[in-house]
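Note sheet for the following structure.
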Ligand SMILES: Cc1cc2nc3c(=O)[nH]c(=O)nc-3n(C[C@H](O)[C@H](O)[C@H](O)COP(=O)(O)OP(=O)(O)OC[C@H]3O[C@@H](n4cnc5c(N)ncnc54)[C@H](O)[C@@H]3O)c2cc1C
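Numbering (my numbering), first residue to last: 141 to 257.
Structure below.
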């Protein structure tokens, strides 16, 4: 793909949604977009997320070969927020994860929210 050429991956909820629910457009499926999808679902809204790349997770999805215009953590990046602080109350982090997670663990946690289809 040429730099800055946008493709859009559309992700919607896997939940059966009430026809009367209001649709909410969410741009980007990084940490913020995924949280926004979860909040919409929690409130009975219908999220439709548009992601310009073919993958979800935003900059927490490490790439061996950086892509121009797309941010990415370094291979060694460890998050500086504890798992307790960054967890949702209804989706606590497992005991076996370190308090400060490696970027691969952060990405897996984001994707395991299961808010995408
Ligand atoms: C190297 C680095 C390390 C960091 N470490 C920490 C840390 O340890 N702790 C911390 O709290 N924060 C950290 N941050 C801050 C970081 O910004 C957040 O952790 C978080 O990733 C931000 O999520 P986001 O969804 O806002 O952005 P991103 O993760 O950048 O995701 C944005 C998404 O939107 C998509 N997108 C962008 N434009 C469009 C468009 N026009 N149409 C469709 N899709 C679009 C992108 O492709 C991407 O998937 C770090 C940031 C960087 C750069």
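We treat Cβ as the ideally placed atom computed from N, Cα and C, and that holds for glycine.
(request) Would you kindly check if the distance between the Cβ of residue 181 and the Cβ of residue 164 is under 8 Å? (result) no
(message) So, with DSSP's three-state summary, where would you put residue 224?
(response) helix
(message) Does the contact criterion of 3 or more C-beta pairs under 8 Å hold for the region 185-194 versus the region 220-232?
(response) no
(message) Check for me: the beta strand (DSSP E) holding residue 186 runs from which residue to which?
(response) 186-191
(message) Using 8 Å for Cβ pairs, my map puts residue 202 next to residue 172. What's the rounded Cβ distance?
(response) That belief does not hold up - the Cβ atoms of residue 202 and residue 172 are roughly 18 Å apart, past 8 Å.
(message) Once DSSP output is grouped into helix, strand and coil, what is the label at residue 147?
(response) With a pLDDT of 43 at residue 147, under the threshold of 50, the modelled position of this residue cannot be trusted; read the value that follows with caution. In the structure shown, residue 147 sits in coil (DSSP, three-state: anything other than H, G, I, E or B).
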